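There are 2 protein chains.
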Amino acid sequence: MRVNPSHPRYASLVIREKLVDGLKKGITSQAGLLAHGRGETFDYLLGEKTNHFAIKAIKAAAACLLLAKTPIISINGNSAALAGKEFVTLAKLINSKVEVNLFHRSEKRVKLIENYLSKFDRKFILQSTYKNRTFIPNIQSPRSIVLNNGIKKADTVFVPLEDGDRCEVLSKLGKKVIAVDLNPLSRTARNAYITIVDNLTRAMPVLIEEISYLKSKKPYYMNKLLDKYDNKKNLNSAYDKMIQNIKQVL
Amino acid sequence: MRVNPSHPRYASLVIREKLVDGLKKGITSQAGLLAHGRGETFDYLLGEKTNHFAIKAIKAAAACLLLAKTPIISINGNSAALAGKEFVTLAKLINSKVEVNLFHRSEKRVKLIENYLSKFDRKFILQSTYKNRTFIPNIQSPRSIVLNNGIKKADTVFVPLEDGDRCEVLSKLGKKVIAVDLNPLSRTARNAYITIVDNLTRAMPVLIEEISYLKSKKPYYMNKLLDKYDNKKNLNSAYDKMIQNIKQVL
């Protein structure tokens with residue numbers, strides 16, 4: 067399928083292409099297509115742009131990631147296909163690593179995604195082995211499988227497209243979870259420390275830009291930025307925006 | 067993937083299974099999975115139930131289909147996979163036919179779907195041939211290809227999961243379009259004569275039930291029912307419901 071740039075939903079269709087391409091490569095899954103479709107509707111209801119509440123969350127996330135001692139970037143198939151390169155850039159910027167963590171897990175798919183990401187810069191991709199693998203209890207999916215030198219020891223987990231139960235468990239373990247989730251009503255959105263309600267492909271360049279800017283600032287400045295941030299209040303702005311957009315059609 | 071009946075989203079996952087199964091059969095498409103995901107979010111925002119406004123629309127649709135002189139049922143891959151049997155039952159009840167009409171069209175897929183539906187009752191499935199095929203102008207997709215003895219001559223088109231542009235064109239041609247669309251904001255929803263804002267798998271049994279009941283009534287009764295129905299007002303109820311459900315999370 068070729069996408070015509072004049073199509074009113076061009077940006078959205080280009081993203082779809084990436085996922086379908088990922089399916090051919092074995093990186094994304096059919097369930098991933100369905101999940102992405104769900105996200106598309108929220109994106110549509112939010113106006114398909116990076117709203118002010120998303121920018122607020124991104125700034126707080128930038129501060130949080132720079133202040134973290136052991137941050138980790140946890141990504142799945144869809145994330146890899148949509149913004150693989152950007153995650154590696156982020157890892158470099160905050161001196162972190164990328165860990166592959168899948169709901170529809172198979173060893174083959176984990177390796178395929180690790181190899182795909184390694185093309186951008188192998189040094190920043192954790193390689194899953196039986197030796198460095200462990201479990202996080204109370205997660206009802208293979209996303210419980212994590213790496214000792216990754217999510218297990220992390221104090222902050224940056225995780226786009228998260229599952230509700232894992233977000234809750236990680237938070238209870240005292241980890242700061244930064245989620246990117248287009249559904250502001252989700253369990254993930256409500257349980258994360260910071261929730262960026264935006265499309266991953268739009269949010270990542272903004273986050274990278276923000277971190278590059280904040281890097282030169284003093285920790286005091288970052289702490290203040292983080293202290294000021296109120297995730298619940300910010301999510302309320304996202305709900306308001308959706309309601310406002312629905313009303314506009316009336 | 068086996069679905070556990072205790073899963074909180076069991077019904078939704080069973081529906082997904084049907085689409086993934088359809089993909090194996092060549093009936094549904096990858097784009098269909100994405101489109102379904104979009105619908106899932108609206109279903110979630112609408113409370114995943116057949117709301118009062120959906121029942122109202124279904125009653126009006128039942129009357130409209132029974133009053134129609136040449137009704138046709140136009141279905142695509144997702145519709146066939148989700149409720150193929152129910153469409154054939156509907157066709158029998160209203161003495162109509164089912165026509166396959168696809169956005170991601172290939173002759174092979176049209177035939178696969180026709181054959182799949184024919185298993186329920188071949189008599190009620192229109193078979194596409196080069197001879198009985200024609201075009202409806204101003205539709206920017208292969209959905210413009212229709213059958214002379216089907217959509218072309220129909221006065222009423224029952225079409226779940228419709229595209230916005232086709233709905234507009236069919237309406238302009240004087241045809242009454244009855245759509246089933248989970249997105250009450252869509253162009254289809256707003257241009258259709260009657261819009262059933264509900265999940266197809268829930269709406270179809272209710273529609274069949276309603277038609278069976280209405281069949282014994284006089285045309286006067288059906289006309290009154292149809293006259294009373296206001297699609298715009300009904301859509302407003304759907305918007306209100308979404309807004310109400312979003313606010314409940316606050």
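Keeping their order, the protein sequence lines are chains X and G. With the working numbering applied, the first sequence covers 67 to 316. With the working numbering applied, the second sequence covers 67 to 316. For glycine and all other residues, C-beta sits at the position ideal for the given N, C-alpha and C. Just so we're clear, the structure is a prediction, and the values are computed from it rather than from any experiment.
Interface residues of chain X facing residue i [CB-CB closer than 8 Å]
| i | result |
| --- | --- |
| Ala-101(G) | Gly-103 |
Amino acids of chain G, ordered along the chain, whose beta-carbon sits closer than 7 Å to that of residue i
| i | result |
| --- | --- |
| Phe-108(X) | Thr-107 |
| Ile-205(X) | Chain G residues near Ile-205(X): none, gap ~15 Å exceeds 7 Å. |
Sequence-distant residues of the same chain with beta carbon closer than 8 Å to residue i, five excluded per side
| i | result |
| --- | --- |
| Lys-158(G) | Asp-187, Phe-190 |
| Asp-109(X) | Ser-78, Leu-248, Asn-265 |
| Arg-175(G) | Gly-92, Ile-93, Ser-95, Gly-143, Leu-168 |
| Ile-274(G) | Glu-152, Thr-155, Leu-156, Leu-159 |
| Asn-257(X) | Gly-230, Cys-233, Glu-234, Ser-237, Val-243 |
| Ala-43(X) | The structure shown has nothing for residue 43(X), since chain X only spans 67 to 316. |
Residue i vs residue j beta-carbon contact at 8 Å
| i | j | result |
| --- | --- | --- |
| Leu-132(X) | Ile-277(X) | yes |
| Thr-37(X) | Ala-77(X) | Past the edges of chain X, shown from 67 to 316, lies residue 37(X), and the structure says nothing about it. |
| Leu-301(X) | Ile-312(G) | no |
| Leu-280(X) | Ala-129(X) | yes |
| Gly-216(X) | Lys-163(X) | yes |
| Tyr-259(X) | Lys-242(X) | yes |
| Leu-148(X) | Leu-99(G) | no |
| Arg-268(G) | Thr-155(G) | no |
| Thr-107(X) | Thr-254(G) | no |
| Thr-261(G) | Ala-123(G) | yes |
| Ile-323(G) | Val-246(G) | Because residue 323(G) is not part of the residues shown, which for chain G are 67 to 316, the question remains open. |
| Met-270(X) | Leu-112(X) | no |
| Arg-171(X) | Ile-202(X) | no |
| Ser-145(X) | Leu-236(X) | no |
| Tyr-182(G) | Gly-150(G) | yes |
| Val-166(X) | Ser-194(X) | yes |
Neighbourhood of residue i by C-beta, 6 Å cutoff - its chain only, sequence neighbours within 5 removed
| i | result |
| --- | --- |
| Val-315(G) | none |
| Ala-304(X) | Phe-119, Pro-250, Val-263 |
| Leu-90(G) | With the sequence shown as reference, residue 90(G) is identified as Lys, and Leu is not the correct amino acid for it. Nothing listed; no residue qualifies. |
| Met-67(G) | At Met-67(G), the pLDDT of 49 sits below 50, so the modelled position is not reliable; the number obtained from the coordinates is stated separately. Cβ within range, chain order: n/a, list empty. |
| Val-88(G) | Reading the sequence as shown, one finds Gly at residue 88(G) and not Val. Cβ neighbours of Gly-88(G) beyond the five flanking positions: Thr-94, Ala-147. |
| Tyr-295(X) | Ala-126 |
Proximal chain G residues relative to residue i, where beta-carbon distance stays under 9 Å
| i | result |
| --- | --- |
| Val-315(X) | Pro-250, Leu-251, Arg-256, Leu-301, Tyr-305 |
Listed by chain order, chain X residues near residue i by CB distance under 7 Å
| i | result |
| --- | --- |
| Ile-211(G) | Correct list: empty, because the minimum Cβ distance to chain X is about 18 Å. |
Neighbour list for residue i in chain G, Cβ cutoff strictly below 8 Å
| i | result |
| --- | --- |
| Ile-320(X) | Outside the modelled stretch of chain X, which goes from 67 to 316, sits residue 320(X), for which no answer is possible. |
7 Å Cβ shell around residue i - same chain, five flanking residues per side excluded
| i | result |
| --- | --- |
| Asn-214(X) | Asn-198, Thr-200 |
| Ser-207(G) | Phe-169, Asp-229 |
| Ile-160(X) | Leu-131, Leu-132, Pro-137, Ile-277 |
| Val-86(G) | none |
| Lys-84(X) | Ala-147, Leu-148 |
| Ser-184(G) | Ile-191 |
| Pro-285(X) | Leu-133 |
| Ile-205(G) | Asp-231, Arg-232, Val-235 |
| Lys-125(G) | Glu-276, Leu-291 |
| Ile-179(X) | Ile-93, Gly-143, Ala-146, Val-166 |
Under 9 Å by beta carbon: chain X residues contacting residue i
| i | result |
| --- | --- |
| Ile-191(G) | Going along chain X, no residue has its Cβ under 9 Å from Ile-191(G), so there is no contact; the nearest lies around 28 Å. |
| Ile-244(G) | None at all; the shortest Cβ gap to chain X is about 21 Å. |
| Ile-217(G) | Residues of chain X passing the Cβ test: none, with the nearest at roughly 25 Å. |
Check your understanding: Should the stretch 137 to 144 of chain G be called in touch with the stretch 220 to 235 of chain G, which here means at least 3 C-beta pairs below 8 Å?
Key -> yes
Review point. Looking at chain X, which residues of the stretch 299 to 310 of chain G have a Cβ within less than 7 Å of any of its Cβ atoms?
Key: Asn-302, Tyr-305, Met-308, Ile-309
Review point. Listed from N- to C-terminal order along the chain, which residues in the stretch 118 to 143 of chain X have their beta-carbon within a distance smaller than 7 Å of any beta-carbon of chain G?
Key: none
Check your understanding: Closer than 9 Å, Cβ to any Cβ of chain G: which residues of the stretch 249 to 264 of chain X, in chain order?
Key -> Asn-249, Pro-250, Leu-251, Arg-256
Point to revise | chain C contacts from the stretch 70 to 97 of chain X (Cβ-Cβ distance under 9 Å) | key: As a matter of chain content, chain C is missing from the structure shown, whose protein chains are X and G.
Review point. Within the chosen definition, does the stretch 287 to 296 of chain G reach the stretch 97 to 106 of chain G through at least 3 CB pairs nearer than 8 Å?
Key: no
**Study point:** Interface residues of the stretch 273 to 295 of chain G facing chain X [CB-CB below 9 Å]
**Key:** none
Point to revise | Interface positions of the stretch 161 to 181 of chain X facing chain G (Cβ-Cβ less than 9 Å), listed along the chain | key: His-170
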